[in-house]
Amino acid sequence: MKIALVHMRHAASGGTERFLNELSRYLAERGEEVTIICRSHVAPSHPAIRFVRLRPASLGKAQRMWRFAKAVERHVKKADYDLVYGLGKTWTHDMLRIGGGTVHHHLASKPARQRRYKDRVAARIEAKAMAPGAYCHLVSNSRQSDAEIAEAYGVPEDRRSVIHNFVDTRRFDRARLSDDARELARALALDTRRPVFLFLGTGYQRKGLAPTLEAFARLDADATLLVVGRDSRQAEYQARARQLGIADKCRFLGEQPFPERYFALADCYLLPAHYEPFGFTVLEALACGTPVITTQHCGAKEVVTAEVASVVDRADNVPALADAMAYWAGRKDEAALRRRCRALALALDVEEIMAQNYRCLLDVARQKQAGQC
Numbered sequence: 001m002k003i004a005l006v007h008m009r010h011a012a013s014g015g016t017e018r019f020l021n022e023l024s025r026y027l028a029e030r031g032e033e034v035t036i037i038c039r040s041h042v043a044p045s046h047p048a049i050r051f052v053r054l055r056p057a058s059l060g061k062a063q064r065m066w067r068f069a070k071a072v073e074r075h076v077k078k079a080d081y082d083l084v085y086g087l088g089k090t091w092t093h094d095m096l097r098i099g100g101g102t103v104h105h106h107l108a109s110k111p112a113r114q115r116r117y118k119d120r121v122a123a124r125i126e127a128k129a130m131a132p133g134a135y136c137h138l139v140s141n142s143r144q145s146d147a148e149i150a151e152a153y154g155v156p157e158d159r160r161s162v163i164h165n166f167v168d169t170r171r172f173d174r175a176r177l178s179d180d181a182r183e184l185a186r187a188l189a190l191d192t193r194r195p196v197f198l199f200l201g202t203g204y205q206r207k208g209l210a211p212t213l214e215a216f217a218r219l220d221a222d223a224t225l226l227v228v229g230r231d232s233r234q235a236e237y238q239a240r241a242r243q244l245g246i247a248d249k250c251r252f253l254g255e256q257p258f259p260e261r262y263f264a265l266a267d268c269y270l271l272p273a274h275y276e277p278f279g280f281t282v283l284e285a286l287a288c289g290t291p292v293i294t295t296q297h298c299g300a301k302e303v304v305t306a307e308v309a310s311v312v313d314r315a316d317n318v319p320a321l322a323d324a325m326a327y328w329a330g331r332k333d334e335a336a337l338r339r340r341c342r343a344l345a346l347a348l349d350v351e352e353i354m355a356q357n358y359r360c361l362l363d364v365a366r367q368k369q370a371g372q373c
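1 is the number of the first residue of the sequence shown in UniProt numbering; add one for each residue after it.
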């Protein structure tokens, strides 16, 4: 079967990009003829994968996004693909995966003054992509995103599926990473007798670093907070840590190339997000045996249990965050806890999740062939 996967950017990092790499590999390994339609790419995840690069002339991010979507429309009309699977920001597809929630709801969560022209263009593309007749089936990575699609665009239930995100349990494995974690602790001069909390991600505001700092300042336990990831306003958060009197216990480390080492080092992972459609990092932490604190506004809440995670009602509930931190600090180094975290992640291993996606894809291809789309 000739399958086209569509995304502007094919790269080694990024949530959608990771999904694209894993799905293309999985399909190619099963003998499918896979083409990735993109604007730019790195080396493929399987040697049989081919690329179609579409680079229409454009000025600025908004125009680049719109003209790429138009170029995809023109290319697909001339090609003979059996199935086209879009991964966002285009409107020509049989299947569409929503991996980051809807643009509609994302914009609703932002003040009007923060909405850019690029955001309005993305919203127009999304509306075209989910218009009746534009798709055969939509896949979301969380029930939260699935509900957003139904609410914003009225997509019928039989045209929607939820397939959660995956984790590479071979890469994210505390046992395999034990030596790396010890080396990292030495390099950072950490006292490993103290609980280590980890905040990891790009975009501190949306992921909840401000309430994390406030809650950490209330913690009675002698602990360390590691902040990994980039943000243009990092200096402001560092200043806030100084104001709270926790600068000596809070380490801002910037973007790091091997996040698995930090998950294997940490005793608790913090993602008290204001809005997070899913959150790959929750599964990565669990795969490393590390419990998680997150919020009701993070899609990953759907796959965790109270045995391995605390889910607070909202990011700005600082007392609840502080209570959760104190709870997990008191369970540092529990072997049984680490085994439970790992067991949950294994149920969402990449191979199992890719198999679910493949079954859904084959079902949609049969519907298309039968003229039911």
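Positions of the beta carbon are idealized from the N, C-alpha and C atoms, including for glycine. Computed from a predicted model, the values in this text were never measured in an experiment.
Mind checking residue i: buried by the 16 CB within 10 Å criterion, or exposed?
i    : result
E236 : exposed
D267 : buried
K89  : buried
Q144 : buried
P272 : buried
A264 : buried
L253 : exposed
S310 : buried
How far does the alpha helix (DSSP H) with residue i in it extend, from its first residue to its last?
i    : result
A69  : 60-78
K207 : 204-207
E260 : 259-265
V228 : Where V228 is concerned, there is no enclosing alpha helix (DSSP H), although the beta strand (DSSP E) it sits in stretches over 224-228.
I125 : 117-129
A147 : 143-153
When the distance is taken between beta carbons, is residue j closer than 9 Å to residue i?
i    : j    : result
K2   : Y81  : yes
L59  : T35  : no
Y204 : R233 : yes
R97  : F19  : yes
F280 : C298 : no
L348 : L283 : yes
A326 : D231 : no
Which residues does DSSP pair with residue i in a beta bridge?
i           : result
R193        : Answer by DSSP bridge pairing: none, since R193 is not bridged.
residue 414 : With the chain represented from 1 up to 373, any question about residue 414 goes unanswered, as that position is not in the structure.
G254        : V228
C38         : R53
K2          : E33
E157        : Bridge partners of E157: none, in fact.
I293        : L270, S310
D349        : V167
V162        : S140
In the DSSP assignment, find the unbroken beta strand (DSSP E) run with residue i in it and report its ends.
i    : result
V312 : 309-312
C268 : 268-271
A306 : Here A306 belongs to no beta strand (DSSP E), and DSSP marks it neither H nor E.
L246 : Rather than Leu, the amino acid found at residue 246 in this sequence is Ile. Neither: I246 is in no beta strand (DSSP E) and is coded neither H nor E.
S45  : Taken as a continuous stretch (DSSP letters only), S45 belongs to no beta strand (DSSP E), as it is neither H nor E.
I believe residue i touches residue j by the beta-carbon criterion, under 8 Å. Please report the beta-carbon distance rounded to the nearest angstrom.
i    : j    : result
M130 : V155 : 6 Å
A152 : H106 : Not confirmed; about 11 Å, so no contact.
L83  : A285 : The pair is not a contact, with the Cβ atoms about 34 Å apart (cut-off 8 Å).
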